[in-house]
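Student: So the sequence shown is residues -21 to -1, 1 to 342, counted in mature numbering (1 follows the signal peptide of the UniProt record, and there is no 0).
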Amino acid sequence: MKRRHLLQALPALGLAPAARAGDQGPWLLCDQELLQLQPETLQVLQRHALPWRPELPAQRQGETVWLARRSGELLALDLRRGTQRQQQLEGELQQLLPSADGVWLLAASAQVLQLIDTATLREAARHSSPGALLPALALPARRSLLLAPRERAELWELYLDPGAEDFYEGLVHDFRFGEGVPTRGFLGRRRMALPAPVQALWQHPAHFHVALLQAPQQLQMFNLDARRPAGRLTLQAAPQAACSWQWQGQPVLVLGVGHTLQLVSFERAEGLWQQALGRPSEPITQLLGNEEALFVQVGTRLLRLDAGLQPQAEQALPGIDALHRVGTQLWARSAVGWTQLDAHSLRPLGVRACAQPASQLLG
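1. For the structure I just gave you, are there three or more beta carbon pairs, one from the stretch 261 to 280 and one from the stretch 220 to 238, closer than 8 Å?
2. Could you check how far apart the C-beta atoms of Ala248 and Gly210 are, in whole angstroms? I think they sit under 8 Å.
3. Can you tell which of Leu309, Gln73, His323 and His27 has the C-alpha that lies nearest to the C-alpha of Ala11?
4. State the Cα-Cα distance for the pair Leu(-9) and Pro184, rounded to the nearest angstrom.
5. Which full runs of the alpha helix (DSSP H) of 4+ residues lie inside the stretch 204 to 266, going along the chain?
6. Taking only three categories from DSSP, how would you classify Ser88?
7. Short of 6 Å in beta carbon distance, which residues of its chain neighbour Val23, apart from the five on each side in sequence? Order them along the chain.
8. Note down the Cα distance separating residue 356 from Gly235, rounded to an integer number of angstroms.
9. Check each candidate in Tyr147, Leu118, Leu173 and Met171 and name the one with the smallest Cα separation from Pro161.
10. So is Arg155 buried or exposed if we call it buried at 16+ other beta carbons inside 10 Å?
11. Have a look at Leu242 and Asn269 and give me their C-alpha separation to the nearest angstrom.
12. Locate the beta strand (DSSP E) running through Pro290, then write down its first and last residues.
13. Between Arg105 and chain B, is there a C-beta pair that is closer than 7 Å?
14. Output needed for residue 364: all residues of its chain with C-beta closer than 8 Å, excluding positions within five of it in sequence on either side, in chain order.
15. State the Cα-Cα distance for the pair Ala190 and Leu328, rounded to the nearest angstrom.
16. To which residues does DSSP link His106 through a beta bridge?
17. In whole angstroms, what separates the C-alpha of Ser324 from that of Ala292?
18. Considering Cα atoms alone, identify which of Gln178, Asp204 and His186 is closest to Gln196.
19. To which residues of the same chain is Gly164 closer than 7 Å at the C-beta, ignoring the five residues directly before and after it?
20. Buried or exposed: which applies to Gln38, given that a residue is buried once 16 or more other Cβ atoms fall within 10 Å of its Cβ?
21. Please state whether DSSP places Leu273 in a helix, a strand or coil.
22. Determine the burial state of Arg64: buried for a count of at least 16 other Cβ atoms within 10 Å of its Cβ, exposed for fewer.
23. Check each candidate in Thr307, Leu212 and Ala311 and name the one with the smallest Cα separation from Ala301.
24. Quick one: what's got a C-beta closer than 7 Å to Arg170's C-beta in the same chain, skipping five residues either side?
25. What three-state label does DSSP hand Trp83 in the structure shown?
26. Please return the same chain residues whose Cβ sits closer than 7 Å to the Cβ of Leu68, not counting the five positions on each side in sequence.
27. Can you tell me whether Pro77 is helix, strand or coil according to DSSP?
28. I'd like the list of long-range same chain contacts for Ala(-1), defined as Cβ closer than 8 Å, with 5 residues on each side in sequence excluded.
29. Please check the pair Leu46 and Leu56, which I expect to be a contact at CB under 8 Å, by giving their CB distance rounded to whole angstroms.
30. Here's the rule: buried if 16 or more other CB atoms are within 10 angstroms of the residue's CB, otherwise exposed. What is Pro128?
31. With hydrogens ignored, establish whether the beta-carbon of Gly228 is closer than 6 Å to any heavy atom of the ligand COA.
32. Can you tell which of Leu192, Ala332, Thr307 and Pro36 has its C-alpha closest to the C-alpha of Glu19?
33. Using a Cβ-Cβ cutoff of less than 6 Å, which residues in the same chain neighbour Pro297 once the five nearest sequence positions on both sides are dropped?
34. Out of Gln289, Ser338, Val315 and Ala272, which has the shortest C-alpha to C-alpha gap to Asp321?
Put into structure tokens, the structure is as follows:
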């Protein structure tokens, strides 16, 4: 079976976080501490002190949390054992991203892209950096990482599959007759030209398409196998929020465009459904989907929509800038800290204050 057809045959992945063996509650990064919270009481179950305050968004992969400072200090914290490993990386770090299987870690700076072996913390490969990057994507079905430079009309894909074939990036003549020098596939970087720089990108849950926002109102579905567009759609305005979701048996991209909720096909960039929620002065600012429901922050209201996009619950919750689903609970971040809600009824269960405005819930 060809690789493309094999990917098409894979079942769509669930969007809810998978349960981890031994989990007792979510982990909260607050200032220079990682706190594990008891789900019902929000009391601290475990506490890990950190040697410094992280300056980049933390990344959790399994039982490992990756933390970094912009100056290059890297910390790997094992949540089960409480052990810490440290390494000094190069450059002024912009972001970290572990691979979907946890074997590799991308450390990106304005000067260099480093691929780190997570078992040893040693550098396995490096590539020149295109400068500022959008948040990268880890693509589990492709065993790769996808990068979008902010100032270049390109996509970059880093192949993490040991069986990845070498490829040519030169002229068509070089490819057909094997006269050019091939680029190594495994840990190699492939550049794909685009008509314009990418402003935002979202991945298909289990496919080889990615959604690209090019210019404020131009949405494109891009086929990574064919390296060409699979469809385009002009939006009414730039979306303020987006997420992947499973709707009527197909994966869709959900967009919050002003106060309008819009569903777009990941296959052909076709608009499938849209509806205004609330008044024009109440934009959609947060979206979170799983196999059971779609959570939408509209102005100061949090809504729970069922699979038929019918409202099931509503809660007044102003100032929300992050949403996470952890088991049967929903966590919402605001200036006062993290509010814990019942994910079905949206009934508030408690509040965990954190003096650090950029506190982060790691699931």
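Quick reminder that beta carbons are idealized off the backbone N, C-alpha and C, glycines included. Quick caveat, the model's predicted, so the values are computed rather than measured.
Tutor: With the structure as the only source:
1. yes
2. Position 269 of the sequence shown holds residue 248. Position 231 of the sequence shown holds residue 210. With a Cβ gap of about 3 Å, Ala248 and Gly210 count as contacting.
3. Looking up residue 11 in the sequence shown gives position 32. The sequence as given places Gln at residue 11; Ala does not occur at that position. Of the listed residues, the one whose Cα sits closest to Gln11 is His27.
4. To locate residue -9, count along the sequence shown from 1; it is residue 13. To locate residue 184, count along the sequence shown from 1; it is residue 205. Summary for Leu(-9): the model assigns pLDDT 29, below 50, so the residue's position carries little reliability, and this model does not support an answer.
5. none
6. Translated into positions along the sequence shown, residue 88 becomes position 109. Three-state result, Ser88: strand.
7. Locating residue 23 in the sequence shown gives position 44, where the first residue counts as 1. Result list for Val23: Leu14, in chain order.
8. Because the chain in this structure spans residues -21 to 342, residue 356 falls outside the shown range and cannot be described.
9. Taking the sequence shown and counting its residues from 1, one reaches residue 161 at position 182. Cα-wise, what sits closest to Pro161 is Tyr147.
10. Here residue 155 corresponds to residue number 176 of the sequence shown, with the count starting at 1. Here Arg155 scores only 49 on pLDDT, less than 50, and its place in the model is too uncertain to base an answer on.
11. For this step, residue 242 is matched to residue 263 along the sequence shown. For this step, residue 269 is matched to residue 290 along the sequence shown. Going by the C-alpha atoms only, they are around 15 Å apart.
12. The count along the sequence shown starts at 1 and reaches residue 290 at position 311. Run containing Pro290: Pro290 to Ala295, per the beta strand (DSSP E) assignment.
13. The displayed structure is made up of one protein chain only, and chain B is not part of it.
14. With the chain covering -21 to 342 only, the question about residue 364 has no answer from this structure.
15. Counting from 1 along the sequence shown, the entry for residue 190 is found at position 211. Counting from 1 along the sequence shown, the entry for residue 328 is found at position 349. Their backbone Cα atoms lie some 36 Å apart in a straight line.
16. As a working note, residue 106 is residue 127 in the sequence shown. The partner list for His106 (beta bridge, DSSP) reads Leu92.
17. For this step, residue 324 is matched to residue 345 along the sequence shown. For this step, residue 292 is matched to residue 313 along the sequence shown. Distance between Ser324 and Ala292, taken at the CA atoms: about 6 Å.
18. The residue labelled residue 196 in the question sits at position 217 within the sequence shown. Of Gln178, Asp204 and His186, the residue nearest in Cα terms is Gln178.
19. Indexing the sequence shown from 1 puts residue 164 at position 185. Same-chain partners within the cutoff: Tyr138, Ala143, Glu144, Asp145 and Phe146.
20. Looking up residue 38 in the sequence shown gives position 59. With 16 or more Cβ atoms within 10 Å of its Cβ, Gln38 is classed as buried.
21. As a working mapping, residue 273 is identified with position 294 in the sequence shown. Strand at Leu273.
22. Here residue 64 corresponds to residue number 85 of the sequence shown, with the count starting at 1. Classification of Arg64: exposed, given that the 10 Å Cβ count is below 16.
23. As a position in the sequence shown, residue 301 is number 322, starting the count at 1. Checked all of Thr307, Leu212 and Ala311; the closest Cα to Ala301 is Ala311.
24. Within the sequence shown, numbered from 1, the residue matching residue 170 stands at position 191. Within the same chain, Arg170 has close Cβ partners Glu133, Trp135 and Glu148.
25. Start at 1 with the first residue of the sequence shown, and residue 83 comes out as number 104. Looking at Trp83 - three-state DSSP - the assignment turns out to be strand.
26. For the purposes of this step, residue 68 is identified with residue 89 of the sequence shown, where counting begins at 1. Here the set comprises Gly51, Leu53, Ala86 and Gln93.
27. Looking up residue 77 in the sequence shown gives position 98. Strand at Pro77.
28. Taking the sequence shown and counting its residues from 1, the one referred to as residue -1 is at position 21. Note that Ala(-1) scores 35 on pLDDT, short of 50, meaning its location in the model is unreliable; the coordinates nonetheless yield the value given after this. Closer than 8 Å at the Cβ level, and outside the excluded window around Ala(-1), lies no residue.
29. Here residue 46 refers to the residue found at position 67 when the sequence shown is read from its first residue. Here residue 56 refers to the residue found at position 77 when the sequence shown is read from its first residue. Yes, Leu46 and Leu56 are in contact; Cβ-Cβ is about 7 Å, under 8 Å.
30. For the purposes of this step, residue 128 is taken as the residue at position 149 of the sequence shown. Buried is the call here.
31. No copy of the ligand COA appears in this structure; indeed no ligand is present at all.
32. Numbered from 1 along the sequence shown, position 40 holds the residue referred to as residue 19. Residue Thr307 is the option with its Cα nearest to Glu19.
33. On the sequence shown, residue 297 is found 318 positions in, with the first residue counted as 1. Closer than 6 Å at Cβ, skipping near neighbours: Thr279.
34. By 1-based counting over the sequence shown, the position of residue 321 is 342. The residue with the shortest Cα to Cα distance from Asp321 is Ala272.
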